[in-house]
Amino acid sequence: MQSLCSGELSFLENCLRVSPKSYGTWYHRCWIMKIMPKPDWARELALCNRFLEIDERNFHCWDYRRFVTQSSSVPDPEELEFTTSLISKNFSNYSSWHYRSKLLPQIHPDQLRIGRVTEGALLNELELVQNAFFTDPNDQSAWFYHRWLLGRADHPLSIRCVMVSLDEGCVSVTFSQPVAVQDDLILFLNDKPIFVSWRTAGRKEKRSLFWVCDLPKECINDRCCQYKFQVLWKDGEAKKECILYPGTRETWCRDSATENEFFSLDLSEGKSNVLQQELKSCKELQELEPENKWCLLTIILLMRALDPLAYEKESLGCFETLKVVDPMRSGYYDDLRSKFQMENAILKMEYAESFIIDLSKKGLTRLCHLEHLGQVTHMNLSANRLRVLPSNLSMLRRLQMLEVDNNEVVRLEGLWNLPQLEELSLQCNQIENVSDLQPLASCPHLSVLHLQGNPLCEKADTRTQLEALLPHVNTIHLSLI
Numbered sequence: 001m002q003s004l005c006s007g008e009l010s011f012l013e014n015c016l017r018v019s020p021k022s023y024g025t026w027y028h029r030c031w032i033m034k035i036m037p038k039p040d041w042a043r044e045l046a047l048c049n050r051f052l053e054i055d056e057r058n059f060h061c062w063d064y065r066r067f068v069t070q071s072s073s074v075p076d077p078e079e080l081e082f083t084t085s086l087i088s089k090n091f092s093n094y095s096s097w098h099y100r101s102k103l104l105p106q107i108h109p110d111q112l113r114i115g116r117v118t119e120g121a122l123l124n125e126l127e128l129v130q131n132a133f134f135t136d137p138n139d140q141s142a143w144f145y146h147r148w149l150l151g152r153a154d155h156p157l158s159i160r161c162v163m164v165s166l167d168e169g170c171v172s173v174t175f176s177q178p179v180a181v182q183d184d185l186i187l188f189l190n191d192k193p194i195f196v197s198w199r200t201a202g203r204k205e206k207r208s209l210f211w212v213c214d215l216p217k218e219c220i221n222d223r224c225c226q227y228k229f230q231v232l233w234k235d236g237e238a239k240k241e242c243i244l245y246p247g248t249r250e251t252w253c254r255d256s257a258t259e260n261e262f263f264s265l266d267l268s269e270g271k272s273n274v275l276q277q278e279l280k281s282c283k284e285l286q287e288l289e290p291e292n293k294w295c296l297l298t299i300i301l302l303m304r305a306l307d308p309l310a311y312e313k314e315s316l317g318c319f320e321t322l323k324v325v326d327p328m329r330s331g332y333y334d335d336l337r338s339k340f341q342m343e344n345a346i347l348k349m350e351y352a353e354s355f356i357i358d359l360s361k362k363g364l365t366r367l368c369h370l371e372h373l374g375q376v377t378h379m380n381l382s383a384n385r386l387r388v389l390p391s392n393l394s395m396l397r398r399l400q401m402l403e404v405d406n407n408e409v410v411r412l413e414g415l416w417n418l419p420q421l422e423e424l425s426l427q428c429n430q431i432e433n434v435s436d437l438q439p440l441a442s443c444p445h446l447s448v449l450h451l452q453g454n455p456l457c458e459k460a461d462t463r464t465q466l467e468a469l470l471p472h473v474n475t476i477h478l479s480l481i
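In this text, residue positions in the sequence shown follow UniProt numbering: the first is 1, and each later residue adds one.
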């Protein structure tokens, strides 16, 4: 058997010399090594080295190398040293940078930040990668790796907010990631489980950030009592509780974006100093390479890592420059800028301890992080570039006033079942048919609707159709005059 496998390996090596990116050949080699009585793993590692010298981006060979190192228990530090040797020969070795990002969290794991590395290792890597992109500013490999180094930790799934409303007779739960709750989400009242049926706001989604249930009428029968509500996800994988005090009609408990640092890095003085120096160096490089998109994007990411609010204006200027030097990706830059602007607005709102958020005149092309806005009562989205109001807007259970004037909105999927919405302004958008407003029929307290400047206003029977669709709306404005 040993001799038969050895002969097969020699045959496969000849095949790989002819076709080094053959899926079948590499997979067959894995199978042979698994059944071989006495596999020579050192020989296989040397074979990988030879083929990677020929083509450093041969991902078939990289996959096989990982199989070999795992099967032969090659220490991760040795593999990290291997990537260092390849990178030192060629900073453009993207595969080595990528492999390095997989090894470092195993060798130097940060105990508090999942998937990240310790500060000492991070600072060493920042120095290494800076040497790389200053050597060849136009190569994307090192820039991508640098972006990974600046990335935030992966937050475990959590319950961001629990809200109880007696007026609506419901409990709503907002998660950090979309989930399918099935029977895994349990509601407790005063430490006793109660049977409820969970649904999404649109009632169609199988997975969602937001879930709501109706409270059984018999469970709250004495308004003079204090009630403790607790939700438990998967036997305690995530949980949160809130107290409904005597005489109150609603209560909630939520995570704070500022306290939990959802939008920022936890910077020590040493790390902050290194990033400040990197920012200074990148700005110097940008003066020499004014059209280098990687440098511009890295400047933005460094400024956000250091202080997103202090560098807000400068970051927006960099985005405008990016769209000029790299127009093919202008849509991506618009979406990324929108994401960062929403993060900044949420931080400002929380620092001000307000329930009003002004997102007008920011050129937004998408809405992000709506799970942090469950307590907002007034939102202004006017003068942006929004085409769709996303379905997760339904998480804004306390929203009373929504302004979306002067956008490009054509659909209103996100406006289903907003229980406290009283006034909605959609002036100067692209709504063509009354049927496009169907979601508003599910908003029971909507009383004022502004539709001036939309194509549907030019149709003769629009008001009649609207009154039939939305009989509960007292005032409907169709004319700009």
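A virtual CB, placed ideally from N, CA and C, is assigned to each residue, including glycine.
Query                                                                                                                                 : Result
Which of helix, strand or coil DSSP assigns to Phe-11                                                                                 : helix
Boundaries of the alpha helix (DSSP H) in which Leu-418 is found, first to last residue                                               : From DSSP, Leu-418 is part of no alpha helix (DSSP H); its letter is neither H nor E.
Distance between beta carbons of Glu-250 and Arg-166, contact taken as under 8 angstroms                                              : For the sequence presented, residue 166 should be read as Leu rather than Arg. Their Cβ separation, rounded to whole angstroms, is 7 angstroms, which keeps Leu-166 and Glu-250 in contact under 8 angstroms.
Beta-carbon contacts of Gly-202 that lie in its chain and below 7 angstroms, excluding the five residues immediately before and after : Ser-391, Ser-394 and Trp-416
Glu-78 - DSSP class collapsed to helix/strand/coil                                                                                    : helix
Which residues DSSP lists as bridging Ser-208, in chain order                                                                         : Val-179
Cβ of Tyr-99 within 8 angstroms of any chain C Cβ                                                                                     : The structure shown has no chain C; it contains just one protein chain.
Alpha-carbon spacing of Asn-407 relative to His-369, whole angstroms                                                                  : 20 angstroms
Classification of Pro-37 by the beta-carbon crowding that lies within 10 angstroms, buried from 16 upward                             : exposed
7 angstroms Cβ shell around Ser-256 - same chain, five flanking residues per side excluded                                            : Glu-350
Inter-residue Cα distance where the pair is Val-231 and Tyr-145                                                                       : 39 angstroms
Same chain, Cβ closer than 8 angstroms to Lys-348, five either side skipped, listed in chain order                                    : Leu-309
Whether Leu-426 touches Asn-454 by CB criterion (8 angstroms)                                                                         : yes
Same chain only: Cβ atoms within 8 angstroms of Leu-389, ignoring 5 sequence neighbours per side                                      : Leu-367, Val-404, Val-409, Arg-411, Leu-412, Glu-413, Gly-414 and Leu-415
Boundaries (first-last residue) of the beta strand (DSSP E) holding Glu-403                                                           : 401-403
Distance between beta carbons of Leu-104 and Ala-132, contact taken as under 8 angstroms                                              : That pair is no contact at about 15 angstroms.
Coil, strand or helix - Ile-220 by DSSP                                                                                               : coil
Supposed close pair Ile-173, Ile-159 - CB separation, criterion 8 angstroms                                                           : The residue asked about is misnamed: residue 173 is Val in this sequence, not Ile. At roughly 6 angstroms, the Cβ-Cβ gap stays under 8 angstroms, so Val-173 and Ile-159 are in contact.
Leu-367, DSSP secondary structure in three states                                                                                     : coil
Same chain only: Cβ atoms within 6 angstroms of Ile-72, ignoring 5 sequence neighbours per side                                       : According to the sequence as given, residue 72 is Ser; it is not Ile. Taken in chain order, the residues that qualify are Trp-41.
Any non-hydrogen atom of the ligand COA closer than 7 angstroms to Thr-84 Cβ                                                          : Summarising the ligand content, the structure contains no ligands, and the ligand COA is consequently not present.
Endpoints, alpha helix (DSSP H) assigned at His-155                                                                                   : It is not in any alpha helix (DSSP H) - His-155 carries neither H nor E in the DSSP assignment.
Spatial distance of Arg-100 from Met-328 (CA atoms)                                                                                   : 30 angstroms
Spatial distance of Arg-254 from Thr-377 (CA atoms)                                                                                   : 16 angstroms
C-alpha gap between Trp-198 and Asp-183, whole angstroms                                                                              : 9 angstroms
Check whether Phe-91 and Asp-55 have beta carbons under 8 angstroms apart                                                             : no
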